[in-house]
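These notes concern the structure reproduced below.
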Amino acid sequence: MKILVINCGSSSLKYQLIDMENEEVLAKGLCERIGIEGSNLSHKAAGKEELEVKKEMPNHTVAIKMVMDALVDPEYGVIKDTSEISAVGHRVLHAGTVYSDSIVVNEDVKKVIRDCFDLGPLHNPANLMGIEACEEAMPGTPNVAVFDTAFGMKMPEKASLYAIPYEYYEKYSIRRYGFHGTSHSYVSKEAIKYCELDPETAKVIVCHLGNGASVSASIGGKCVDTSMGLTPLEGLIMGTRSGDIDPAVVQFICNKEGKDVNEVLNILNKKSGSLGMSGGVSSDFRDVQKAQSEGNHKADVAIQAFIYRVAKYIGAYVAAMNGVDAIVFTAGVGENDKPIRGAVCEYLGYLGIEIDPEINKARGKRVTISTPESKVKVCVIPTNEELSIARETLALVK
Ligand code: AMP
20 MKILVINCGS SSLKYQLIDM ENEEVLAKGL CERIGIEGSN LSHKAAGKEE LEVKKEMPNH
80 TVAIKMVMDA LVDPEYGVIK DTSEISAVGH RVLHAGTVYS DSIVVNEDVK KVIRDCFDLG
140 PLHNPANLMG IEACEEAMPG TPNVAVFDTA FGMKMPEKAS LYAIPYEYYE KYSIRRYGFH
200 GTSHSYVSKE AIKYCELDPE TAKVIVCHLG NGASVSASIG GKCVDTSMGL TPLEGLIMGT
260 RSGDIDPAVV QFICNKEGKD VNEVLNILNK KSGSLGMSGG VSSDFRDVQK AQSEGNHKAD
320 VAIQAFIYRV AKYIGAYVAA MNGVDAIVFT AGVGENDKPI RGAVCEYLGY LGIEIDPEIN
380 KARGKRVTIS TPESKVKVCV IPTNEELSIA RETLALVK
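Counting with this note's numbering, you get residues 20 to 417 for the letters of the sequence shown.
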């Protein structure tokens, strides 16, 4: 069975065609600048040359048609006909409080995605466009919505509710949702298998450390807490997002700088985090680390603060679960950055955690970086959100 995985942004569309017999990626690609002048598609099928098509894509429907053309192309493609695609799995950001699991798309599901436009203003409209484009291009082929918020929806109320008047939850569904759910779900389940833990009781902490960053705690694969909130702004320090902050800071900056709330929120989302703390060096950890190594004090503090906050969240989640069996690092920084992994784990000596510095040099591969004597397993498991979406899709359509 072949499953197409689609991840739509407002002006982009990433895709992978996966053969679920062996979970191999048959082809993948990216449409960029959809709806903007100068759009192009780059497509690569396993064992074939890369294809670049520079052609205007005024909307996602045209982009999907170009993806279909690339997939069936006699030279660059991998299938003879689009009927070989059994189902399409879509990454969808937000389902509000309605869905806590993936679901086959019908008109009701589309309405929920639409109703959540204000909770995911950048992503939900694009996700819906991707679904409708696939419905048009492949009538009759099932579409599955895999929600980024689904994993966090399993959190108990004591973790998900904000300490604000209850009526706001009732009226507007204001609560903590968590994001990167497909990644946390995939990595925590893989960790249970990889570390040979009990699937029912395993206590796992996943540190998804990329440009966006979040930590989750799960017991038996079920989320008990996660660091992002109503939006992806809460929690860890990220590339450009502040993470946790006293909300009074917003009012203070508004008053001092004559800005409105939206402008300050934009600053907290796009100009803060490592970028802001380093005095504008970069949102990319590699650049900030380079500046740190050259003696830039602000860059040094930005890196130290990032590590410190990850360690604090891990400590909090060990308490939340009254223990931990495995701590897992994933995403760009988590998979590649040994100094950051090492420095986070230095805070965790009280848990009896010991890291093997030689093994911790590993990059981008599945590995246990803790020593055999370590009281808690610490490992690196590269995330694979596309495969996670394909598996969820398969489970619903087979
Ligand atoms: P992501 O959002 O998962 O793509 O992760 C992006 C972040 O990962 C950026 O801050 C990068 O600096 C960091 N990153 C990616 N590759 C590496 C690497 N090889 N070594 C260190 N950091 C990396």
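Ideal Cβ placement from N, Cα and C applies to all residues, glycine included.
Proximity test, Cβ basis, 8 Å: residue i and chain C
i: L370; result: In the structure shown, chain C cannot be found, because there is only a single protein chain.
Three-way DSSP call (helix, strand, coil) for residue i in this model
i: S237; result: strand
i: I122; result: strand
i: S302; result: coil
i: A5; result: Coverage of the chain is limited to positions 20 through 417, which leaves residue 5 absent and any answer about it impossible.
i: K290; result: coil
i: F271; result: helix
i: D319; result: helix
i: N281; result: helix
i: C364; result: helix
i: K74; result: coil
i: D88; result: helix
i: L32; result: strand
i: T250; result: coil
i: T80; result: helix
i: T402; result: coil
i: T245; result: strand
i: N341; result: coil
i: S192; result: coil
Bridge partner(s) assigned by DSSP for residue i
i: K63; result: K47 and E69
i: S389; result: I374
i: I346; result: I224 and V397
i: C153; result: None; C153 has no bridge partner.
i: D38; result: K21 and E43
i: A164; result: H109 and I122
i: A232; result: L228
i: N26; result: K33
Inter-residue CB distance, residue i and residue j (contact presumed, cutoff 8 Å)
i: V397; j: E354; result: At roughly 13 Å, the Cβ-Cβ gap does not stay under 8 Å, so V397 and E354 are not in contact.
i: D344; j: V395; result: 7 Å
i: A152; j: I238; result: No, A152 and I238 are not in contact; Cβ-Cβ is about 39 Å, not under 8 Å.
i: L32; j: H62; result: With 8 Å as the limit, L32 and H62 do not qualify as a contact, their Cβ atoms being about 11 Å apart.
i: Y213; j: R360; result: Actually they are not in contact, since the Cβ atoms of Y213 and R360 sit about 16 Å apart, beyond 8 Å.
i: V234; j: Y332; result: 4 Å
i: R110; j: N26; result: 4 Å
i: E377; j: E392; result: With a Cβ gap of about 15 Å, E377 and E392 do not count as contacting.
i: A409; j: V24; result: 5 Å
i: H227; j: S202; result: 5 Å
Counting pairs of beta carbons, one from the segment 103-113 and one from the segment 162-177, are three or more of them closer than 8 Å? yes
Do three or more CB pairs link the segment 244-254 to the segment 189-203 at distances below 8 Å? yes
Inspect the CB distances between the segment 82-98 and the segment 43-57 and report whether three or more fall short of 8 Å. Judged by Cβ distances under 8 Å, the segment 82-98 makes contact with the segment 43-57, as three or more pairs qualify.
If we count Cβ pairs, one from each stretch, closer than 8 Å, do we get three or more for the segment 326-338 versus the segment 356-368? yes
Could you tell me which uninterrupted alpha helix (DSSP H) segments, each at least 4 residues in length, are contained entirely in the segment 97-146, listed from first to last along the chain? The qualifying runs are 126-134.
Meets three-Cβ-pair contact criterion under 8 Å: the segment 275-292 and the segment 253-263: yes
Count Cβ pairs between the segment 328-340 and the segment 219-227 that sit closer than 8 Å; are there 3 or more? yes
Does the count of Cβ pairs from the segment 271-279 and the segment 288-307 closer than 8 Å reach three? no
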